[in-house]
Ligand code: HSE
């Protein structure tokens, strides 16, 4: 299976580490022998028809900061040409989330689809901005389009709702969809101040490249839009969400709520009509009241009642595991 990897930050590097450490399992259990034939970061792109040496690729990135030092290379302007013309089955799009115009991820995804290549992404921007048209383009080009890591990181929130709750009707859902803000609010609950907690979250690789996306609620908004489209078939976009971030949450409010048995959490909710992201008090006894980078979401279903899924919502390895999960799914849909 030939892969083009676009974006080589924390998640991209973690994914390559997983490919190396899981190579025997991938082959023995799923018949997958992945070859990364191209890898791009913000310095440019390297390609190798026979497959890049993954250990060397990781080493080059670590020591020289960009994959372009690997060897045969091109500038970022050649990425689209590589997507179009290089022989590969899957494009894995991992460039940073941009919720203003979705670029460069959106163009990468559209180019890959139009070239008949399957797409896996954890990039939330393109989906949050153009969910229905990207799904339509994937169907039109008959390619697999997988994005399970866009919501919940390593925790299969979308899959849970779509596959496990099949046959029931989801009426509403609400929960914590951003690991960084949950980490910050949890640390503030323990007495740390906002800036210390944010610095900690960024150092651990949880926060977005631009952490204001987390703090001001945009990341949770993007995930809410993706989930409401995928799970409840709403045709919502970012503009439909009422958003408040955690910037103005005061330590004093947290202390007051703590005395009442509550914690303040950034909650994303969808009742089938209204889409809201806002900090609000949640009882510490509620199953969605989880701490640290955990995400938790409760789906309320017509017949089976409430179901909650909890798991790690951010982090390099956690999110990389969702890409591997998607890759295994893609493998089952294609003939090599
Ligand atoms: N910055 C995101 C978060 C990463 O903190 O949840 C995972 O999407």
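Residue numbers (my numbering): 1011 to 1346. The C-beta atom is built at its ideal place from N, Cα and C for all residues, glycine as well.
Opening and closing residue of the beta strand (DSSP E) in which residue i lies
| i | result |
| --- | --- |
| residue 1048 | 1045-1051 |
| residue 1253 | 1251-1253 |
| residue 1309 | 1304-1311 |
| residue 1272 | 1272-1280 |
| residue 1181 | 1180-1186 |
| residue 1103 | 1100-1103 |
| residue 1012 | 1012-1016 |
| residue 1130 | 1128-1131 |
Helix, strand or coil at residue i according to DSSP, with G and I counted as helix
| i | result |
| --- | --- |
| residue 1142 | helix |
| residue 1025 | helix |
| residue 1343 | helix |
| residue 1290 | strand |
| residue 1152 | coil |
| residue 1083 | strand |
| residue 1056 | strand |
| residue 1285 | strand |
| residue 1263 | helix |
| residue 1160 | helix |
| residue 1300 | coil |
| residue 1111 | coil |
| residue 1096 | coil |
| residue 1135 | helix |
| residue 1268 | helix |
| residue 1063 | coil |
| residue 1248 | helix |
| residue 1257 | coil |
| residue 1076 | coil |
Residue range of the unbroken alpha helix (DSSP H) whose run includes residue i
| i | result |
| --- | --- |
| residue 1315 | Per DSSP, residue 1315 belongs to no alpha helix (DSSP H); it is in the beta strand (DSSP E), 1315-1322. |
| residue 1190 | 1189-1199 |
| residue 1038 | 1033-1040 |
| residue 1123 | 1115-1124 |
| residue 1220 | Careful: residue 1220 lies outside any alpha helix (DSSP H) and carries neither H nor E. |
| residue 1206 | 1204-1213 |
| residue 1229 | 1228-1242 |
Residue i vs residue j beta-carbon contact at 7 Å
| i | j | result |
| --- | --- | --- |
| residue 1333 | residue 1025 | yes |
| residue 1132 | residue 1155 | no |
| residue 1307 | residue 1141 | no |
| residue 1136 | residue 1219 | no |
| residue 1298 | residue 1162 | no |
| residue 1303 | residue 1276 | no |
| residue 1180 | residue 1280 | no |
| residue 1103 | residue 1120 | no |
| residue 1217 | residue 1224 | yes |
| residue 1285 | residue 1314 | no |
| residue 1020 | residue 1321 | no |
| residue 1235 | residue 1138 | yes |
Same chain only: Cβ atoms within 7 Å of residue i, ignoring 5 sequence neighbours per side
| i | result |
| --- | --- |
| residue 1005 | Given a span of 1011 to 1346 for the chain in the structure shown, any question on residue 1005 remains unanswerable. |
| residue 1012 | 1045, 1047, 1097, 1098 and 1099 |
| residue 1272 | 1291, 1292, 1293 and 1294 |
| residue 1172 | 1240 and 1241 |
| residue 1169 | 1158 |
| residue 1061 | 1045, 1046 and 1047 |
Chain-order list of residues whose beta-carbon lies under 6 Å from that of residue i (same chain, five-residue window excluded)
| i | result |
| --- | --- |
| residue 1073 | none |
| residue 1270 | none |
| residue 1081 | none |
| residue 1053 | 1076 and 1078 |
| residue 1336 | 1130, 1156 and 1158 |
Beta-carbon contacts of residue i that lie in its chain and below 8 Å, excluding the five residues immediately before and after
| i | result |
| --- | --- |
| residue 1221 | 1190, 1208, 1211 and 1212 |
| residue 1267 | 1273, 1274 and 1291 |
| residue 1041 | 1341 |
| residue 1316 | 1308, 1309 and 1310 |
Original post:
Are the region 1319-1337 and the region 1143-1152 touching, with three or more C-beta to C-beta distances below 8 Å?
Top reply: In short, these stretches do not touch, since the Cβ pair count stays below three.
**OP:** Evaluate contact between the region 1048-1058 and the region 1079-1092, counting only Cβ atoms and requiring at least three cross-stretch pairs below 8 Å.
**Re:** yes
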